[in-house]
Structure formats: C-alpha cells, structure tokens
Amino acid sequence: MNPLLREKLYSSAKFAELIFFPSSCQLCYALLDFPRERVVCRSCLKRITPHRSSYCLCCGRFFVGHGDPHLCQHCLKGSPPFSFHRSCGQYRGKLKDIILLYKYHSFRVLGQDLANLIQRSLGREERLWWEVDAIIPVPLHPKKKRQRGFNQAQVIAKCLSRLRGVELVERRLIKIRNVPPQTSLELKDRQKNVLGTFRVVKRETIKGKVVLLVDDVYTTGATIRECSAALREAGVKEIRAITVAQA
Ligand SMILES: [Zn+2]
Ligand SMILES: [Zn+2]
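Take a look at the structure:
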C-alpha cells in the first residue's frame, strides 16, 4: 500500500477512535494507548481471572471452596433441559463492571473482550465444544433490542463463533414476549416470568444439531432453561450453554 495512503488511513482511524471511544480506561482511568485497547485497559482485563473453585457438573453453579466438580442438590433431583452450563467467573468485581459498561453504556466493542475471556477460561473444556454445530445467542425481544441498540448476547456469540470457527445461527430462537427484566424479580417469580417466552422458527434448520447457547449473565438459570426447552421442543439434539458470569 502507498505509504502516504497508509498514513492517511491510520490518522482517520485514529480520529474515528478519538470520537467513538474514550481515551482513558473506564475502570481505572489509565490512558488507553496500546493497539486494540478500547474502553478498558489491558491490565484491567488481565485482572479478570477465570473462576477456579469447584462447580456443578450439570448446571455449572459454582461451589464455595475446592474439590472435584460434582452434581448440586437441584441437578441430583432432576436434570435441566440442557446438558450442562459453564460460566467464566462470578458476577462481581471487575467482571461485573465490564459487563455493566458493555450492556448499559453501549460499549459493544467490549463484546470481543468478553468472547476472548470465554475462550481463555473455557476454550479447553472439550465437552463444551465437542461436535458443536451451531452457536445461538439468547435473544432479546425486538422492542428491548431497539432500546438497548444491540443484543449483548448476540455480539459475544458472533465474536465467539469467529474465534472458534463454529457457525452462528441467528433469528431461529426468538423472544416472543417482552417480559420484565429478571433482575427486578424475586427468585420464585423468575421461572414463571420467562415461561413460554421463547419460540423457535424455521426449526428444520436446527433440528438434530448440537447447539451452544450463549448469554452474558446466569442468575437463576431460568432464561437458559426456557431457551433450552424451546430448542429441545424444536428437535435440537443437544443443548450446552455458556455465560460470561454467574450471579
Ligand atoms: Zn484499566
Ligand atoms: Zn447443578
């Protein structure tokens, strides 16, 4: 490429960056000056360490302390409609701050960092990735998507699909009811709140496939369960799930 043109392109990219992205880290206020540093600096991102304690082999709920992964009381009583779920870490500290910046301050560029975190924490868990045919994001209701400007799960899923070379399947699992946010509800009301909320369209395109569901936060698991029930009903062979954090 012509060096003059390259220089021009570089300065316009730099200019666009100054307009669209903050110049300092939104968490620690250090200057962002390394290539590909956007919104949050490298050292803040590095301080998010994958969760190390034991967890439920099925629902992925973290246990306090160490020991081998085993089934929790709930999963011993009955299995959920998905095979298993895993999160990168707990919804607190820097990880929570980044998710909040991402979701509520429209810094959608952080979706790539969160996908990188999934790859870093769970990329080697073979049973999550083995023979996965499709990555499907947990959908937002169209009205909610318009309000937020983007679907946070979709952006992460898209980045993850590129990282892993697995097909991203969108607009098959859809949200048909705009229900109150799960965060505003008591535990017992969350499952009721999402009942019958999701539907699968063009089901023949995902029938018989192994699917990886992706969402940002796992709280009671009601959303992942309901999505999985809809996918299962549509003939999906197996559902596994990944979330960035669990509350
Ligand atoms: Zn920082
Ligand atoms: Zn469990």
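In case it helps, the working numbering puts the sequence shown at residues 822 to 1068.
All C-beta atoms in this analysis are idealised placements derived from N, C-alpha and C, irrespective of residue type, glycine included.
- A straight line joining the alpha-carbon of Leu-935 with that of Val-1065 spans about 7 Å.
- In this structure Lys-898 does not touch Arg-868 by the C-beta definition: roughly 37 Å separates them, more than the 8 Å allowed.
- The beta carbon of Leu-931 sits closer than 7 Å to the beta carbons of Val-860, Val-861, Ile-919, Leu-922, Tyr-923 from its chain, once the five residues preceding and following it are set aside; these are given in chain order.
- In the DSSP assignment, Pro-958 forms a beta bridge with Val-1035.
- Exposure of Arg-983 is indicated by the presence of fewer than 16 other C-beta atoms within 10 angstroms of its C-beta.
- DSSP places Val-976 inside the alpha helix (DSSP H), whose first and last residues are 973-985.
- The shortest CA-to-CA distance from Arg-998 to any of Ser-875, Val-987, Thr-1018, Arg-967 is the one to Thr-1018.
- Around the Cβ of Arg-945, a 10 Å sphere holds fewer than 16 other Cβ atoms; the residue is exposed.
- Listed in chain order, the non-local C-beta contacts of Ser-845 below 7 Å within the same chain comprise Ala-851, Leu-852, Leu-853, local neighbours out to five positions each way being set aside.
- By the CB criterion at 8 Å, Cys-879 and Ser-900 fall inside the cutoff.
- Residue pairing for Lys-996: DSSP places it in a beta bridge opposite Phe-1019.
- From the listed residues Thr-870, Gln-968, Ala-955, the smallest Cα separation to Lys-1058 is found for Ala-955.
- In this structure, the beta-carbon distance from Leu-1033 to Arg-992 does not fall below 8 Å.
- It is roughly 9 Å from the alpha-carbon of Pro-960 to the alpha-carbon of Asp-1036.
- In this structure, the CA atom of Arg-1024 is about 7 Å from the CA atom of Gly-1056.
- Annotated three-state conformation of Arg-1046 is helix, per DSSP.
- Excluding five sequence positions before and after Gln-847, the CB atoms of its chain that fall closer than 8 Å to its own CB belong to Val-860, Val-861, Leu-922, His-926, Phe-928, given in chain order.
- Partner residues in a beta bridge of Ala-851, as assigned by DSSP, do not exist.
- Here Tyr-1039 really is in contact with His-906; their C-beta atoms are around 7 Å apart, less than 8 Å.
- Taking the C-beta atoms as reference points, Val-987 is found nearer than 8 Å to Val-953.
- In this structure, ligand 1 has no non-hydrogen atom nearer than 7 Å to the beta-carbon of Ala-1050.
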